[in-house]
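Trainee: Below is one structure. I have some questions about it.
So this is what it looks like as structure tokens:
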């Protein structure tokens with residue numbers, strides 16, 4: 434098999450707020466009844482994370498579960514384990530109504546790191562990113578500039594952004610422009 | 415700017431996160447209906463200055479369709495509720511009645 438490479442091929446733009454390609458990440462779109470105990474159990478088993486409440490994410494370094502919609506979660510695992518993880522889900526949910534698809538290569542993961550990362554993000558999305566309403570374990574699907582994106586906070590000064598691979602270049606440049614323009618001083 | 419709360423994920427969604435879906439609570443008239451009924455279903459829409467019920471989709475968020483009651487003149491939002499609803503919930507109607515006494519919309523009041 435050919436070697437997989439991330440959309441941005443490791444592109445990183447250093448600055449007060451650094452925009453960094455976070456590399457490859459195993460991502461599985463899992464749709465089904467989220468109250469199904471088998472579905473919750475297999476997600477926990479694969480990721481080692483507790484099943485998140487709505488609009489929340491449970492994530493630890495590379496493994497995690499993000500709430501995407503009332504019938505969808507995004508299951509994240511290290512890239513090398515994704516095929517095995519899908520197989521485990523298929524085995525656990527055989528005969529039930531669900532969909533599990535490996536979407537790792539359709540996505541890009543970008544980290545926004547720095548003191549005013551929150552403002553770099555807030556300038557580009559209509560989501561309320563005030564520290565009182567968006568913090569650790571919050572997960573939001575919205576848009577950045579012209580394109581759909583989902584994001585959460587890795588730590589107090591770092592956002593992780595997931596977007597479609599085809600728009601990774603646009604999102605990177607957009608975040609770089611927002612970072613270069615400097616802080617606004619609102620938060 | 416219009417901000418609607420998605421009843422499925424509870425997110426305060428900005429208008430740019432949403433997709434407008436036209437008038438809510440349409441009754442479909444298909445095969446077996448009269449020409450007048452079908453014309454009503456296909457072409458005739460409310461166009462009020464005031465209380466209005468609309469379909470919206472949380473397109474950039476959870477992707478679900480929902481219904482919203484709002485005022486077209488002031489953009490005041492009276493409430494949002496799931497799309498699996500054939501008429502506005504009593505709670506929403508009460509809220510509208512408190513602010514717009516005597517309101518009517520289609521067959522609802």
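Residue numbers (the working numbering), protein chains in the order written: chain A, 434 to 620; chain B, 415 to 523.
No residue lacks a Cβ here, since even glycine has one placed at the ideal position from N, Cα and C.
Because the structure is a prediction, the values reported are computed rather than measured.
#1: Looking at the secondary structure, which residues open and close the beta strand (DSSP E) in which residue 436 of chain A lies?
#2: Quick one: Cα of residue 544 of chain A to Cα of residue 600 of chain A, how far?
#3: Just to make sure I have the definition right: I need the residues of chain B whose C-beta is within less than 7 angstroms of the C-beta of residue 487 of chain A. Which are they?
#4: From the DSSP secondary-structure annotation, give me the bridge partner or partners of residue 489 of chain A.
#5: Taking residue 478 of chain B as the query, report the chain A residues whose CB atoms sit under 8 angstroms from its CB, ordered along the chain.
#6: Please name the residue, chosen from A/462, A/486, A/587 and A/485, that lies closest to residue 518 of chain A on a Cα-to-Cα basis.
#7: In whole angstroms, what separates the C-alpha of residue 493 of chain B from that of residue 565 of chain A?
#8: Under the DSSP definition of a beta bridge, which residues are partnered with residue 469 of chain A?
#9: Going by DSSP in three states, residue 516 of chain A sits in which element: helix, strand or coil?
#10: For the stretch 569-597 of chain A, enumerate the residues whose C-beta is nearer than 8 angstroms to any C-beta of chain B, in chain order.
#11: Return the residue from the list B/465, B/489 and B/497 that minimises the CA-CA distance to residue 479 of chain B.
#12: For chain B, find out if any of its Cβ atoms is closer than 8 angstroms to the Cβ of residue 466 of chain A; answer yes or no.
#13: Going by Cα to Cα distance, which pick from A/440, A/436, A/435 and A/446 is closest to residue 608 of chain A?
#14: Mark residue 558 of chain A as exposed unless 16 or more other C-beta atoms lie within 10 angstroms of its C-beta, in which case mark it buried.
#15: Using the beta-carbon of each residue, which ones in chain B are nearer than 7 angstroms to residue 561 of chain A?
#16: With a threshold of 8 angstroms, are at least 3 pairs of Cβ atoms found where one atom belongs to the stretch 466-486 of chain B and the other to the stretch 442-452 of chain B?
#17: Under 8 angstroms, Cβ to Cβ, is there at least one residue of chain A near residue 450 of chain B?
#18: Listing by chain order, which chain A residues have their CB less than 7 angstroms from the CB of residue 475 of chain B?
#19: At least one CB of chain A closer than 8 angstroms to the CB of residue 499 of chain B: is that the case?
#20: Roughly how many angstroms separate the alpha carbons of residue 486 of chain B and residue 464 of chain B, rounded to a whole number?
#21: What alpha helix (DSSP H) runs, 4 residues minimum, are completely inside the stretch 506-555 of chain A?
#22: In the DSSP output, which residue or residues are listed as bridge partners for residue 473 of chain B?
#23: If residue 503 of chain A sits next to residue 476 of chain B, beta carbons under 8 angstroms apart, how far is it from one beta carbon to the other, in whole angstroms?
Mentor: The answer reads as follows:
#1: Residue numbering aside, residue 436 of chain A sits at position 3 when the first chain is read from its first letter. Counting along the chain, residue 436 of chain A falls outside any beta strand (DSSP E), and DSSP gives it neither H nor E.
#2: Within the first chain, the letter at position 111 stands for residue 544 of chain A. Within the first chain, the letter at position 167 stands for residue 600 of chain A. Distance from the CA of residue 544 of chain A to the CA of residue 600 of chain A, rounded to the nearest whole angstrom, comes to 15 angstroms.
#3: Residue 487 of chain A sits at position 54 when you count from the first residue of the first chain. What residue 487 of chain A touches in chain B: 423 and 424.
#4: As a working mapping, residue 489 of chain A is identified with position 56 in the first chain. Its beta-bridge partners are A/571.
#5: Stepping through the second chain from its first residue, residue 478 of chain B is reached at position 64. Correct list: 502 and 503.
#6: The residue labelled residue 518 of chain A in the question sits at position 85 within the first chain. Relative to the Cα of residue 518 of chain A, the nearest Cα in the group A/462, A/486, A/587 and A/485 belongs to A/462.
#7: Taking the first residue of the second chain as position 1, residue 493 of chain B is located at position 79. Taking the first residue of the first chain as position 1, residue 565 of chain A is located at position 132. Rounded to whole angstroms, residue 493 of chain B to residue 565 of chain A spans 24 angstroms at the Cα level.
#8: The count along the first chain starts at 1 and reaches residue 469 of chain A at position 36. DSSP output for residue 469 of chain A lists no bridge partner at all.
#9: In the first chain, residue 516 of chain A corresponds to position 83, counting from 1. Residue 516 of chain A: helix per DSSP, three-state reduction.
#10: For the stretch 569-597 of chain A, which is checked against every Cβ of chain B, the residues closer than 8 angstroms are 573, 574, 575, 576 and 581.
#11: As a working mapping, residue 479 of chain B is identified with position 65 in the second chain. By alpha-carbon distance to residue 479 of chain B, the top candidate from B/465, B/489 and B/497 is B/497.
#12: Along the first chain, read from residue 1 onward, the residue named residue 466 of chain A stands at position 33. Interface flag for residue 466 of chain A against chain B is unset, since no Cβ pair is found closer than 8 angstroms.
#13: Here the question's residue 608 of chain A lines up with position 175 in the first chain. Here the closest residue by C-alpha is A/446.
#14: As a first step, residue 558 of chain A is located in the first chain; it is residue number 125 there, counting from the start. The residue is buried, with at least 16 neighbouring Cβ atoms inside 10 Å.
#15: Residue mapping note: residue 561 of chain A aligns to position 128 of the first chain, counting from 1. Proximity of chain B to residue 561 of chain A at the Cβ level (cut-off 7 angstroms) is accounted for by 426, in chain order.
#16: No, because fewer than three Cβ pairs between the stretch 466-486 of chain B and the stretch 442-452 of chain B fall closer than 8 angstroms, the two stretches do not touch.
#17: Counting from one through the second chain, the residue named residue 450 of chain B turns up at place 36. Taking Cβ atoms only, chain A never reaches closer than 8 angstroms to residue 450 of chain B, which makes this a no.
#18: Here residue 475 of chain B corresponds to residue number 61 of the second chain, with the count starting at 1. Near residue 475 of chain B (Cβ distances below 7 angstroms), the residues of chain A are 574 and 575.
#19: As a working note, residue 499 of chain B is residue 85 in the second chain. No, residue 499 of chain B lies away from the interface with chain A (no Cβ there is under 8 angstroms from its Cβ).
#20: As a working mapping, residue 486 of chain B is identified with position 72 in the second chain. As a working mapping, residue 464 of chain B is identified with position 50 in the second chain. Using only the alpha carbons, I get a separation of about 5 angstroms.
#21: The stretch 506-555 of chain A contains these whole alpha helix (DSSP H) runs: 515-525 and 550-555.
#22: Translated into the one-based positions of the second chain, residue 473 of chain B becomes position 59. As far as DSSP is concerned, residue 473 of chain B takes part in no beta bridge.
#23: As a working mapping, residue 503 of chain A is identified with position 70 in the first chain. As a working mapping, residue 476 of chain B is identified with position 62 in the second chain. Taking 8 angstroms as the upper bound for CB-CB distance, residue 503 of chain A and residue 476 of chain B are in contact here, some 6 angstroms apart.
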